[in-house]
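I have placed the structure first, in the form of structure tokens, so that the comments after it can refer back to it.
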Amino acid sequence: MRSQLITALMLTAGSALTGALFTHRKSGGMVGASIVFVLGYLVAFIQTELVPVTDAGGHIEPLQTNVLYNTCFIMVALAILSALIGAAVGSALYEILLYQPYQVIRALWQRFTLRDIAARDTAAMHLQARLYQWHLERWVAIIVMLGLFFLASQSGNLFIISPEADIHGAPKLNSIAANVPSFGTTKVVEMQSILMKTRRLFEIYLPPTYNTPAGKNKRYPTAYLLHGSPGKVTDWVLAGRAAESADALIDTKKIPELIMVMPDGNGAPGTTSEWGNSGNNKQPLEDFVSKELVKYVDQHYRTIPDAAHRAIGGLSMGGFGAMNIAIHHPDVFHSVIALGGYYNATGPIWGHSITYRQYNSPIIQIVRTPQAKTLQIFLGDATEDKLYYPGALKFAATLKKLGIKYTFVREPGGHSWKVWGDELYEGLEWVNWGPIHNAPQAIHKP
């Protein structure tokens, strides 16, 4: 859906450019281009969103009309701004390329038709009236532009996540027990990282009974979910519907209650972190997740602090990171969910060492790590994801050759949140946590 929106906005700008270039009418080009956007994209988008939507478990997700209206207003603002830019470029090209030829043709036409081309002084408006009109028009234009820019500033999630994000709300669920809410809770937490030498954020999902008397003595398994690039700590909840999936699966008793932790995987500006320990040793994100973050969560929340009750998953770059970390640390994570990921180390973060790149390439390192054969592996991908789907097939073939058991779920679609959200639902249901019991003594704070 992101690519469709971007394509529609580019076509809008192109239509306005063409109109202004060949007619020298900026306003006409903008209006025409905006109509093209509405008829060619927005109407179809609205019709699609009005169709009932269910989550991966078949639960109806109610339409949030206020979010749909707001999304449409933002899209229209983006379309008008795109048309404005296109019209401005078209008008400039007209002045550069077509104005002089047009004047020559016009002069010749007037001469041959014996029309008087002498300049005429049309009746001028009174100076005060002209100034009043100028000020009124400019103030209206300024107010309109400020409104458009404000709406456009709210468009981040349309491009980073998806245009349809949050248009459909969480399914209505029943409480799993008396005096227990139907939904878990999420919050963003800040912690001091000694390894990263900075404060780091993570979002945490706590299950329905966690903050109730019914759960005060319970301990819970934990899933760590890694975002892609670009990404942030709230992506899995906002776009991947991780909390909604967990709520629905818990409500239908398909999975035990669990804690989910979604950390920040962004590193130094200008390059992707790959959720790894950088080749220059300045960015130890893998160690942060597998050692420091896990220890912090086990100390501050009622987890079951053993590998059998920990899973790690992710999408795209996070899918790569989850598999890479799990292979390196099978003593920390017993289950791994890799969605839309890749399995070879790429990018400048690893440095120039071929050996180090191989160590951080799951498709190579899993062959060299006998302990990794104990991992529970869930692969998810989209059959139309031309960039990463072939690599997933190759990795699955490697697992089969090694005799490592795995589950591979494939869905129609591309590299998108719709696919990742559905596959996360299946992945959470797939994890075999083993018996949920009162855990051994939790790790104490130092």
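Going letter by letter, the sequence shown gives residues 1 to 446 in our numbering.
Beta carbons are placed, not taken as given, at the ideal position from N, Cα and C, and that holds for glycine.
All of these numbers come straight from a predicted model, not from anything done at the bench.
TODO: Quick one: give me the first and last residue of the alpha helix (DSSP H) that residue 91 is part of.
DONE: Counting from 1 along the sequence shown, the entry for residue 91 is found at position 91. Membership of residue 91 in the alpha helix (DSSP H) is indicated by the continuous run 65-93.
- [ ] Kindly confirm or deny that the region 278-286 and the region 299-311 touch, where touching means at least three C-beta pairs closer than 8 Å.
- [x] No, because fewer than three Cβ pairs between the region 278-286 and the region 299-311 fall closer than 8 Å, the two stretches do not touch.
Task: Burial state of residue 405 (16 or more Cβ within 10 Å) - done: Residue mapping note: residue 405 aligns to position 405 of the sequence shown, counting from 1. Counting every other CB atom within 10 Å of its CB across the protein chains shown gives residue 405 a total below 16, marking it as exposed.
Task: For residue 442, three-class secondary structure by DSSP - done: The residue labelled residue 442 in the question sits at position 442 within the sequence shown. Only weak support exists for where residue 442 lies, its pLDDT of 40 falling under 50; the value from the coordinates is given anyway. The answer is coil: DSSP assigns residue 442 none of H, G, I, E or B.
Open item on the list: Quick check on residue 47: does DSSP put it in helix, strand or coil?
Closed with: Here residue 47 refers to the residue found at position 47 when the sequence shown is read from its first residue. Helix at residue 47.
TODO: Could you tell me if residue 146 is buried or exposed, where buried requires 16 or more neighbouring beta carbons within 10 angstroms of its beta carbon?
DONE: Along the sequence shown, one-based indexing puts residue 146 at 146. Under this definition residue 146 is an exposed residue.
Open item on the list: Residues in the same chain with beta-carbon distance under 6 Å from residue 399, minus the five sequence neighbours each way, listed in chain order, please.
Closed with: Within the sequence shown, the letter at position 399 stands for residue 399. These residues qualify, in order along the chain: 406.
TODO: Return the first residue and the last residue of the beta strand (DSSP E) that residue 192 is part of.
DONE: The residue labelled residue 192 in the question sits at position 192 within the sequence shown. Where residue 192 is concerned, the enclosing beta strand (DSSP E) stretches over 185-193.
Task: Inter-residue spacing [alpha-carbon to alpha-carbon] between residue 395 and residue 81 - done: Counting from one through the sequence shown, the residue named residue 395 turns up at place 395. Counting from one through the sequence shown, the residue named residue 81 turns up at place 81. Approximately 44 Å, taken between the alpha carbons.
Open item on the list: With three or more C-beta pairs closer than 8 Å as the rule, is the region 185-197 touching the region 369-379?
Closed with: No, they do not touch.
Task: Whole alpha helix (DSSP H) elements within the region 326-372, 4-residue minimum - done: You should have 354-359 and 362-368.
Task: Segment contact, 8 Å Cβ cut-off, at least three pairs: the region 345-363 with the region 416-425 - done: The region 345-363 is not in contact with the region 416-425.
TODO: Identify the continuous beta strand (DSSP E) that holds residue 414 and give its terminal residues.
DONE: Taking the sequence shown and counting its residues from 1, the one referred to as residue 414 is at position 414. Taken as a continuous stretch (DSSP letters only), residue 414 belongs to no beta strand (DSSP E), as it is neither H nor E.
Task: Closest by C-alpha distance to residue 49, when choosing among 87, 8, 275 and 66 - done: The residue labelled residue 49 in the question sits at position 49 within the sequence shown. The shortest C-alpha separation from residue 49 is found at 66.
- [ ] Look at the alpha carbon of residue 206 and the alpha carbon of residue 260, and state the distance between them as a whole number of angstroms.
- [x] Against the sequence shown, residue 206 aligns to sequence position 206. Against the sequence shown, residue 260 aligns to sequence position 260. Pairing residue 206 with residue 260, the inter-Cα distance amounts to about 7 Å.
Task: Every unbroken beta strand (DSSP E) inside the region 240-287 [3 residues or more] - done: You should have 259-263.
Task: Cα-Cα separation, residue 73 to residue 52 - done: Stepping through the sequence shown from its first residue, residue 73 is reached at position 73. Stepping through the sequence shown from its first residue, residue 52 is reached at position 52. Taken atom to atom, the span from the alpha-carbon of residue 73 to that of residue 52 is near 22 Å.
- [ ] Taking all protein chains shown into account, decide if residue 370 is buried (16 or more other Cβ within 10 angstroms of its Cβ) or exposed.
- [x] As a position in the sequence shown, residue 370 is number 370, starting the count at 1. Taking a 10 Å sphere around the C-beta of residue 370, we find fewer than 16 other C-beta atoms and assign the residue as exposed.
TODO: Kindly list the residues whose CB is nearer than 8 Å to the CB of residue 120, restricted to its own chain and excluding five residues on each side of it in sequence; keep chain order.
DONE: Here residue 120 refers to the residue found at position 120 of the sequence shown. Confidence at residue 120 is low in this model, with a pLDDT of 44, below 50, so its placement is unreliable and the value that follows should be read with caution. Hits under 8 Å: none found.
TODO: Below 6 Å CB to CB, which residues in the same chain sit around residue 229 once its five sequence neighbours on both sides are set aside?
DONE: Taking the sequence shown and counting its residues from 1, one reaches residue 229 at position 229. Scanning its chain for C-beta atoms nearer than 6 Å, with the 5 sequence neighbours on each side dropped, one finds around residue 229 the residues 272 and 317, in chain order.
TODO: Closer than 7 Å by C-beta to residue 323: which residues in its own chain qualify, once you throw out the five before and the five after it? Chain order, please.
DONE: Translated into positions along the sequence shown, residue 323 becomes position 323. Closer than 7 Å at the Cβ level, and outside the excluded window around residue 323, lie 336, 338, 341, 343 and 362.
Task: Inter-residue Cα distance where the pair is residue 20 and residue 29 - done: To locate residue 20, count along the sequence shown from 1; it is residue 20. To locate residue 29, count along the sequence shown from 1; it is residue 29. The straight-line gap from Cα to Cα measures roughly 5 Å.
- [ ] May I ask you to report which of helix, strand or coil DSSP gives residue 55?
- [x] Stepping through the sequence shown from its first residue, residue 55 is reached at position 55. It is coil, neither helix nor strand.
Task: Alpha-carbon spacing of residue 70 relative to residue 270, whole angstroms - done: Walking along the sequence shown from the start, residue 70 turns up at place 70. Walking along the sequence shown from the start, residue 270 turns up at place 270. Answer to the nearest angstrom: the Cα atoms are 32 Å apart.
Open item on the list: For residue 45 and residue 7, what's the separation of their Cα atoms in angstroms?
Closed with: Along the sequence shown, one-based indexing puts residue 45 at 45. Along the sequence shown, one-based indexing puts residue 7 at 7. Answer to the nearest angstrom: the Cα atoms are 13 Å apart.
Open item on the list: Among 297, 334 and 16, whose alpha-carbon lies nearest the alpha-carbon of residue 31?
Closed with: For this step, residue 31 is matched to residue 31 along the sequence shown. When each option's Cα is compared against that of residue 31, the closest is 16.
Task: Rounded straight-line distance, which links the Cα of residue 87 to that of residue 194 - done: Numbered from 1 along the sequence shown, position 194 holds the residue referred to as residue 194. Numbered from 1 along the sequence shown, position 87 holds the residue referred to as residue 87. C-alpha separation (whole angstroms): 52 Å.
Task: Coil, strand or helix - residue 225 by DSSP - done: Looking up residue 225 in the sequence shown gives position 225. Three-state result, residue 225: strand.
Task: Residue span of the alpha helix (DSSP H) that contains residue 235, given as start and end - done: The residue labelled residue 235 in the question sits at position 235 within the sequence shown. For residue 235, the enclosing alpha helix (DSSP H) covers residues 235-238.
TODO: State the Cα-Cα distance for the pair residue 293 and residue 327, rounded to the nearest angstrom.
DONE: Position 293 of the sequence shown holds residue 293. Position 327 of the sequence shown holds residue 327. A direct Cα-to-Cα measurement between residue 293 and residue 327 gives close to 18 Å.
TODO: Compute the distance between the beta-carbons of residue 297 and residue 222, then report whether it is under 9 Å.
DONE: Against the sequence shown, residue 297 aligns to sequence position 297. Against the sequence shown, residue 222 aligns to sequence position 222. Cβ atoms of residue 297 and residue 222: closer than 9 Å.
Open item on the list: Using the three-state DSSP reduction, which class does residue 404 fall into: helix, strand or coil?
Closed with: Mapped onto the sequence shown, residue 404 falls at position 404. Reduced to three states, the DSSP call for residue 404 is coil.
Task: Reduced DSSP category for residue 61 - H, G, I as helix; E, B as strand; rest coil - done: Working through the sequence shown from its first residue, we reach residue 61 at position 61. DSSP, reduced to helix, strand and coil, places residue 61 within a strand of the structure shown.
TODO: Out of 430, 347, 220 and 237, point me to the one whose CA is closest to residue 300's CA.
DONE: Mapped onto the sequence shown, residue 300 falls at position 300. For residue 300, the closest of 430, 347, 220 and 237 by C-alpha to C-alpha distance is 220.
Open item on the list: Going by DSSP, what residue range makes up the beta strand (DSSP E) through residue 447?
Closed with: Any question about residue 447 goes unanswered here, given that the chain covers just 1 to 446.
TODO: Using the DSSP secondary-structure output, state which residues sit across from residue 198 in a beta bridge.
DONE: Start at 1 with the first residue of the sequence shown, and residue 198 comes out as number 198. The bridge partners DSSP lists for residue 198 are 193.
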